[in-house]
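Chains as they are written, first to last, in my numbering: chain A, 1 to 141; chain B, 1001 to 1141.
Note that CB positions come from ideal geometry on N, CA and C, so glycine has one too.
There are 2 protein chains.
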Amino acid sequence: MTDFDTLAGQWRAEGHKLTQPRRAILKTLLAAARPLSPAEILERGQTFYADLGLVTVYRTLEILEAMGLARPVHLADGCHGYALSTPGHTHHVVCDRCHAVVEIVGCALGDFLDSVAERTGYTITGHWLEISGLCPECQQK
Amino acid sequence: MTDFDTLAGQWRAEGHKLTQPRRAILKTLLAAARPLSPAEILERGQTFYADLGLVTVYRTLEILEAMGLARPVHLADGCHGYALSTPGHTHHVVCDRCHAVVEIVGCALGDFLDSVAERTGYTITGHWLEISGLCPECQQK
DNA sequence: CCCTAAATGAAAAGGCTTTTCAATAAGAGA
DNA sequence: TCTCTTATTGAAAAGCCTTTTCATTTAGGG
Ligand SMILES: [Mn+2]
Ligand SMILES: [Mn+2]
Ligand SMILES: [Zn+2]
Ligand SMILES: [Zn+2]
């Protein structure tokens, strides 16, 4: 969770132009409390830039994902959409009810993965972990 | 990894008919060393039953998934296809190179998930974990 | 064997994503 | 500022992949 200027700076540092449509998409992702599908990003993004097109949403997400600044969030029941993320190895905790998402930076799977390596003979190179739960607000209802 | 008769028995126990197309799909999944896409299951399945149709592949996978006997396997780079699985909570280790898959039955994330709950305020209800690595054969190359 | 409900596959419909392409706009350099 | 170049844009078309529809077939209990 950064602010617009930080994100914009990282964007430009890669040599990408910061156009109106792209600004609208960044603002939309920054304002979102949960992962958004491309169609949802389009809809919300048009409040910032009315002529925004869906193709640009896809193209911008592709760049953000390559930069490690956004990531698809999906659980067993499918893809929940895209959320901003910190570059590097992180995980997401998603609320089952309202889909609010929190990013987890550390991960302590070392011992477990060691045992997996031992049991299977595989050399472990990476993993994908998504956690589901109930956010504090939804627990009250 | 069960045998055909065990799988067939579980299938019938749910009251489903065991048709030729379905037999072909089960045999295909049993013979697969890696997750297969619906199209791949169709292609391989037609060696067992020539008239197999793609729609039946989708419908059969849907039932298998609901029974917990098959599961979509996907990593960060997308869905790798469907693999047979043990009902209940398990994980998959997928080879980066040849996609060979091994199922992991135990999982020791308890402490880590407790710390996530504490840090985020979420009540944790589940998780989705896929592990990638290099299988013993691919390590030699 | 029959009989019936479940299952099947072709074709159509539906969705989502990517490609194409002519028009536009960012922003480096003058 | 003003130009100029090239990246970027959005509409439309194309391309998947998945689901629905429906007339026909088949499994398997009786
Ligand atoms: Mn991790
Ligand atoms: Mn687990
Ligand atoms: Zn919630
Ligand atoms: Zn391998």
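Find out if the Cβ-Cβ distance for the pair residue i, residue j is shorter than 7 Å.
i        : j        : result
H127(A)  : I1131(B) : yes
V55(A)   : L42(A)   : no
P21(A)   : L52(A)   : yes
D96(A)   : T1125(B) : yes
P1038(B) : V1101(B) : no
Q1139(B) : T123(A)  : yes
A66(A)   : V73(A)   : no
V1116(B) : I104(A)  : yes
F157(A)  : A1108(B) : The first residue shown for chain A is 1 and the last is 141, placing residue 157(A) beyond what the model contains.
G68(A)   : V93(A)   : no
L1129(B) : L30(A)   : no
DSSP three-state label for residue i, please.
i        : result
E65(A)   : helix
C95(A)   : strand
G9(A)    : helix
T86(A)   : coil
V1102(B) : strand
T996(B)  : Nothing in the structure corresponds to residue 996(B), since chain B is present only between 1001 and 1141.
S115(A)  : helix
E1014(B) : coil
L129(A)  : strand
L1054(B) : helix
Q140(A)  : coil
T19(A)   : coil
T2(A)    : coil
Determine the chain B residues that contact residue i at a beta-carbon separation under 9 Å, and present them in chain order.
i       : result
Q139(A) : G1121, Y1122, T1123
Would you mind telling me which residues of chain A sit closer than 7 Å to residue i, beta carbon to beta carbon, in chain order?
i        : result
H1127(B) : L129, E130, I131, S132
C1135(B) : Y122
Identify every residue that forms a DSSP beta bridge with residue i.
i        : result
G1110(B) : Partner(s): none; G1110(B) has no beta bridge.
C79(A)   : H74(A)
I25(A)   : I25(A) pairs with nothing; no bridge assigned.
T123(A)  : L1134(B)
L1030(B) : Looking at the DSSP assignment, L1030(B) forms no beta bridge with any residue, so it has no partner.
L1036(B) : Y1082(B)
Give the residues of chain B in contact with residue i, contact being defined as C-beta atoms less than 8 Å apart.
i       : result
A32(A)  : Residues of chain B passing the Cβ test: none, with the nearest at roughly 17 Å.
L113(A) : I1131
L61(A)  : The premise fails here: L61(A) is roughly 14 Å from chain B at the closest Cβ pair, so nothing lies under 8 Å.
A108(A) : D1111, F1112, S1115
Under 8 Å Cβ-Cβ, which residues of chain A neighbour residue i?
i        : result
C1095(B) : Y122
I1104(B) : V116, R119, T120
Just to make sure I have the definition right: I need the residues of chain B whose C-beta is within less than 7 Å of the C-beta of residue i. Which are they?
i      : result
L75(A) : W1128
Below 8 Å, can you find three or more Cβ-Cβ pairs linking the region 1042 to 1051 of chain B to the region 1071 to 1090 of chain B?
They do not touch, by the three-pair rule.
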